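Visitor: Letter 54 of the sequence shown, counting from 1, is numbered 67 in the working numbering, and no numbers are missing. Structure below; questions to follow.
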Amino acid sequence: MPTLYASIWDNLPAALPREHGVNPQSFERYGQAFGFVLYRKSLPEHARGVLDISAVHDYATVFLGERYAGGVSRAQLPQKYAQSLHMVHRVPLALPSARHNHGSNPDGQVALEILVEAMGRVNFGHAIVDRKGLLEPVTMKHVDGSLALLEEWDIYLLPMDETFIANLNEDCTNPRKPGLFYKANVLLTEVGDTWLDMSNWTKGIVWVNGHNLGRYWKIGPQRRLYCPAPWLVQGNNEVLVFDLHQIEAKPIQLADRLY
Numbered sequence: 014m015p016t017l018y019a020s021i022w023d024n025l026p027a028a029l030p031r032e033h034g035v036n037p038q039s040f041e042r043y044g045q046a047f048g049f050v051l052y053r054k055s056l057p058e059h060a061r062g063v064l065d066i067s068a069v070h071d072y073a074t075v076f077l078g079e080r081y082a083g084g085v086s087r088a089q090l091p092q093k094y095a096q097s098l099h100m101v102h103r104v105p106l107a108l109p110s111a112r113h114n115h116g117s118n119p120d121g122q123v124a125l126e127i128l129v130e131a132m133g134r135v136n137f138g139h140a141i142v143d144r145k146g147l148l149e150p151v152t153m154k155h156v157d158g159s160l161a162l163l164e165e166w167d168i169y170l171l172p173m174d175e176t177f178i179a180n181l182n183e184d185c186t187n188p189r190k191p192g193l194f195y196k197a198n199v200l201l202t203e204v205g206d207t208w209l210d211m212s213n214w215t216k217g218i219v220w221v222n223g224h225n226l227g228r229y230w231k232i233g234p235q236r237r238l239y240c241p242a243p244w245l246v247q248g249n250n251e252v253l254v255f256d257l258h259q260i261e262a263k264p265i266q267l268a269d270r271l272y
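In structure tokens form, the structure reads like this:
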């Protein structure tokens, strides 16, 4: 059974130099082609309204202070899944009040955080140029009907590559804030090709002994991930999971076939 290992929020690199008066840009504008980018901005503690990041590519989870506020998906999601996670499809996202948010600061500010995942590209046809991230200006419609353009963002690049994963700090100051890493140690007396069944998890990435097996998603199509025998060893094998939504570990089953 995996156990909580680390939090993405305790492993943020230094933010890029802030560009004043500039809207948030695509991954490519910041020199990153894959992985995740975190967009962070301070808002007044009393801020409440509807956030428009409907042009996100590809999948964004949104936080107001330490609270998960929902998310926006480029793809249309099954209704049951979308409702359970407060995910919307290419429409503005209603934000909860931050007034009683424990993540607010003494100066009356609260952090709006948008964690965006790039989910891959096609390499042919009219869609070959497919920028990732927040592709249009971010706006917020307040409860009084006024519309605000949100600028002055802090940007954190999270490539989730081999170097990033190898240097994770085993820290987690808030285990109730989604964006967590879990680790399991699997003792094997012999090795062979296998599949990791992630159907008990929600959406994320799996590494085995430092090798990236790929992404899984509860809605499919990928719920089992193939692990070739040469990536396993006799003895202890380390399985690392990053899940965008889960705050509780679930079992991982080993299988001898894809389905």
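Using N, Cα and C, we set each Cβ at its ideal position, and we do this for glycine too. Every value quoted in this text rests on a predicted model; they were computed, and no experiment measured them.
Under 6 Å Cβ to Cβ from A242, same chain only, skipping five residues before and after it: list those, please.
Guide: Within the sequence shown, the letter at position 229 stands for residue 242. For A242, where only same-chain residues beyond five positions count, the Cβ hits under 6 Å are V204, G205 and D206.
Visitor: Beta-carbon within less than 7 Å of W244's beta-carbon, same chain only, minus the 5 sequence neighbours each way: which residues are those?
Guide: By 1-based counting over the sequence shown, the position of residue 244 is 231. Once the five neighbours on either side are set aside, the close Cβ partners of W244 are V221, N222 and H224.
Visitor: Helix, strand or coil for Y272, going by three-state DSSP, please let me know.
Guide: Within the sequence shown, numbered from 1, the residue matching residue 272 stands at position 259. In this structure, Y272 counts as coil in the three-state DSSP scheme.
Visitor: Grouping DSSP H, G and I as helix and E and B as strand, with all else coil, what is R145?
Guide: Counting from 1 along the sequence shown, the entry for residue 145 is found at position 132. The displayed chain sequence assigns Lys, not Arg, to residue 145. Note: K145 maps to coil in three-state DSSP.
Visitor: Grab the span of the beta strand (DSSP E) containing F40 for me, first residue to last.
Guide: Within the sequence shown, residue 40 is the residue found at index 27, counting from 1. Per DSSP, F40 belongs to no beta strand (DSSP E) and is neither H nor E.
Visitor: Output needed for N182: all residues of its chain with C-beta closer than 7 Å, excluding positions within five of it in sequence on either side, in chain order.
Guide: Stepping through the sequence shown from its first residue, residue 182 is reached at position 169. Only A19, D23 and N24 meet the Cβ criterion.
Visitor: Should I21 be labelled buried (16 or more other beta-carbon atoms within 10 Å of its own) or exposed?
Guide: Locating residue 21 in the sequence shown gives position 8, counting from the first residue. With 16 or more Cβ atoms within 10 Å of its Cβ, I21 is classed as buried.
Visitor: State whether the region 87-98 contacts the region 166-185, with contact taken as three or more CB pairs (one from each stretch) at a distance under 8 Å.
Guide: Touching, no, given that fewer than three Cβ pairs across the two stretches are closer than 8 Å.
Visitor: Please state the DSSP three-state secondary structure of Q259.
Guide: Walking along the sequence shown from the start, residue 259 turns up at place 246. It is coil, neither helix nor strand.
Visitor: Taking C-beta to C-beta, are A179 and V252 nearer than 7 Å?
Guide: To locate residue 179, count along the sequence shown from 1; it is residue 166. To locate residue 252, count along the sequence shown from 1; it is residue 239. No.
Visitor: Check each candidate in Q45, L106, A27 and R53 and name the one with the smallest Cα separation from R61.
Guide: Taking the sequence shown and counting its residues from 1, the one referred to as residue 61 is at position 48. Among Q45, L106, A27 and R53, the Cα nearest to that of R61 belongs to L106.
Visitor: If I follow the unbroken beta strand (DSSP E) through K216, where does it start and stop?
Guide: Taking the sequence shown and counting its residues from 1, the one referred to as residue 216 is at position 203. Residues K216 to V221.
Visitor: Can you tell me which of the three DSSP states D71 falls into?
Guide: Translated into positions along the sequence shown, residue 71 becomes position 58. Here D71 sits in coil by DSSP.
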